[in-house]
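Have a look at the structure below before the remarks.
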Amino acid sequence: MEDVLLVDHPAPGIRLLRLNRPKALNALTMELRRALADAIDQAVDDPDTAVVILAGSAKAFAAGADLKELVDASAVDMVQRATHRLWARIAACPKPIIAAVRGLALGGGCELALHADMIIAGSSAEFAQPEVRVGIMPGAGGTQRLVRAVGKAQAMRIALTGVRVAAPEALMLGLISEVVDDDAVEPRALALAQEIASLPRIAVQKIKEAIVLGADASLEAGLAIERANFQLLFATSDQHEGMQAFLDKRPARFTGA
Ligand code: DAK
Numbered sequence: 038m039e040d041v042l043l044v045d046h047p048a049p050g051i052r053l054l055r056l057n058r059p060k061a062l063n064a065l066t067m068e069l070r071r072a073l074a075d076a077i078d079q080a081v082d083d084p085d086t087a088v089v090i091l092a093g094s095a096k097a098f099a100a101g102a103d104l105k106e107l108v109d110a111s112a113v114d115m116v117q118r119a120t121h122r123l124w125a126r127i128a129a130c131p132k133p134i135i136a137a138v139r140g141l142a143l144g145g146g147c148e149l150a151l152h153a154d155m156i157i158a159g160s161s162a163e164f165a166q167p168e169v170r171v172g173i174m175p176g177a178g179g180t181q182r183l184v185r186a187v188g189k190a191q192a193m194r195i196a197l198t199g200v201r202v203a204a205p206e207a208l209m210l211g212l213i214s215e216v217v218d219d220d221a222v223e224p225r226a227l228a229l230a231q232e233i234a235s236l237p238r239i240a241v242q243k244i245k246e247a248i249v250l251g252a253d254a255s256l257e258a259g260l261a262i263e264r265a266n267f268q269l270l271f272a273t274s275d276q277h278e279g280m281q282a283f284l285d286k287r288p289a290r291f292t293g294a
């Protein structure tokens, strides 16, 4: 049996996690969700990994939860599956995650992309929360992360209708970071990941932390998080190296320490 998730190291510091159920358009089974959460934990634990890329296949990033596993499920089954614990492990990843989206990102697939810190999409990619069309609602943050990304008016339109949002519109709405040619999605995600991986790693993680935590805090609390993280960076050798290199007019040699 083929692995539902492929793990690759396309360049130093980069771990690429590829959803690998192309025949089912990468629909998210429990097995695949567990594999994803485990792979994220491994990326977090691996000191050589600076950035994670999530990718799918050409036709689909992921077409949502696997409906075969949901059609006969009871409410008790859903409680017992407790999939929020798996999603929480992805959300808690301190390292930057880039979603490289080709094709469809629907339902849980769109929600998975929303767990990433940046989304690079192909020009023919489409995003949607179509759960309402199968009698349910977004259940992995789709009502919460979506509204934070695009605001109430657009989140309502998207989640209440299941409409497909094409990549150029998704860019305009602030749902995604960049649109590139379909063939360029993974090379662009890799280039971006490499750029970030070359930068001081603790600073990178503290920036992510401040943005993620601050987004759900009051301005005062967010500024306090930013201040604490900012001050902490003066305990890193990369801070001294980065500034000294500038003053010496030479390239910095960052160590991640
Ligand atoms: N589940 C299972 N199989 C799927 C699937 C899905 N979501 N999407 C596609 N497939 C399978 C199809 O059954 C088909 O398999 P075979 O029949 O060949 O065995 C194969 O992928 C190719 O699909 P199609 O033949 O349908 O291909 P088309 O190009 O004609 O159409 C499509 C592509 C993506 C438009 C269509 O497949 C489609 O509408 N799929 C369903 C999309 C959808 O409704 N997705 C949202 C699902 S609800 C939770 C958190 C989150 C969620 C649930 C729980 N908890 C916290 C508990 C999330 C829920 C959802 O995502």
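First residue of the sequence shown? That's 38 in my numbering, and the numbers climb one at a time after it. For every residue, glycine included, the Cβ atom is placed at its ideal position computed from N, Cα and C.
- Query: Got a sec: does the ligand DAK put a non-hydrogen atom nearer than 7 angstroms to the Cβ of H121?
  - Reply: yes
- Unbroken beta strand (DSSP E) runs of length 3 or more, entirely within the region 52-113: which are they? Whole beta strand (DSSP E) segments, 3+ residues: 88-92 and 97-99.
- Query: Do you know how far the Cα of P133 is from the Cα of G101?
  - Reply: Answer to the nearest angstrom: the Cα atoms are 23 angstroms apart.
- Message: Please list the terminal residues of the continuous alpha helix (DSSP H) segment that includes E186.
- Response: It should be noted that the sequence gives Ala, not Glu, for residue 186. It spans R182 to V187 - the alpha helix (DSSP H) in which A186 sits, taken as one unbroken run.
- Message: Taking 7 angstroms as the cut-off, is the beta-carbon of E206 closer than that to any non-hydrogen atom of the ligand DAK?
- Response: Not so, every heavy atom of the ligand DAK lies at least 7 angstroms from the Cβ.
- Query: For F164, which three-state DSSP category applies?
  - Reply: Strand at F164.
- Task: Decide if R290 is buried, meaning its Cβ has at least 16 other Cβ atoms within 10 Å, or exposed.
- Result: exposed
- Query: Using DSSP with H/G/I as helix, E/B as strand and the rest coil, what is A48?
  - Reply: A48 sits in a strand when the DSSP states are folded into three classes.
- Task: Please report how far the alpha carbon of A72 lies from the alpha carbon of D154, in whole angstroms.
- Result: 20 angstroms
- Message: Just to confirm my understanding: we take Q191, look at its own chain, exclude 5 residues before and 5 after, and list those with CB closer than 6 angstroms. What are they?
- Response: L210
- Query: Contact check, A247 vs E263 under 8 angstroms by CB: the rounded distance?
  - Reply: 5 angstroms
- Item | With 16 other Cβ atoms within 10 Å as the buried cut-off, status of F98 | buried
- In chain order, what residues of the same chain have a beta carbon less than 6 angstroms from the beta carbon of E215, not counting five sequence neighbours either side? I157
- Indicate whether R55 and A92 have their beta-carbon atoms separated by less than 8 angstroms. yes
- Message: Between M115 and the ligand DAK, is there a pair consisting of the residue's CB and a ligand heavy atom that are separated by less than 7 angstroms?
- Response: yes
- Query: Could you give the residue range of the beta strand (DSSP E) that holds I157?
  - Reply: M155 to G159
- Message: Quick test of your reading: A165 and R201, contact by CB under 8 angstroms. State the CB separation rounded to the nearest angstrom.
- Response: 5 angstroms
- Message: Suppose you measure from the CA of K189 to the CA of S235; what does that come to, to the nearest Å?
- Response: 36 angstroms
- Query: Taking one C-beta from the region 273-291 and one from the region 221-238 each time, how about it: are there three or more such pairs within less than 8 angstroms?
  - Reply: yes
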